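Chemist: Can you keep this structure in mind? I'll have questions shortly.
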Amino acid sequence: GYAREGMSAYVELQEKEFASESRGYTATKHQREVGTGYFDTISTALNPNASTLALVGSTEEGQFH
1 GYAREGMSAY VELQEKEFAS ESRGYTATKH QREVGTGYFD TISTALNPNA
51 STLALVGSTE EGQFH
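Take 1 as the starting number for the sequence shown in the numbering used here and just add one per residue.
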């Protein structure tokens with residue numbers, strides 16, 4: 001696990017998750033599933049300078065728009 005192997009354990013877990021997408025595994029797209037982009041849009045409408053946006057500037061930004 002992570003406590004013993006550090007980041008290598010996390011990378012191994014993610015690689016298994018990505019490989020499972022072809023069999024219907026969707027948790028790798030969890031931000032889209034829970035509506036992160038929608039809530040970012042609402043937050044931006046209310047406050048264009050909001051610092052609490054989840055996707056803007058993140059590594060996931062290109063994946064979910």
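Built from N, CA and C at the ideal position, the CB exists for glycine as well. Here the structure is a predicted model, which means the values were calculated and not measured.
1. Is SER8 helix, strand or coil when you go by DSSP?
2. Going by DSSP in three states, THR52 sits in which element: helix, strand or coil?
3. Where do the N-terminal and C-terminal ends of the alpha helix (DSSP H) with SER76 fall, by residue?
4. Straight-line CA distance for ALA3 to SER51?
5. Taking 8 Å as the cut-off, decide whether the C-beta atoms of TYR25 and GLU17 are in contact.
Modeler: In this structure, then:
1. helix
2. coil
3. Because the chain in this structure spans residues 1 to 65, residue 76 falls outside the shown range and cannot be described.
4. 32 Å
5. yes
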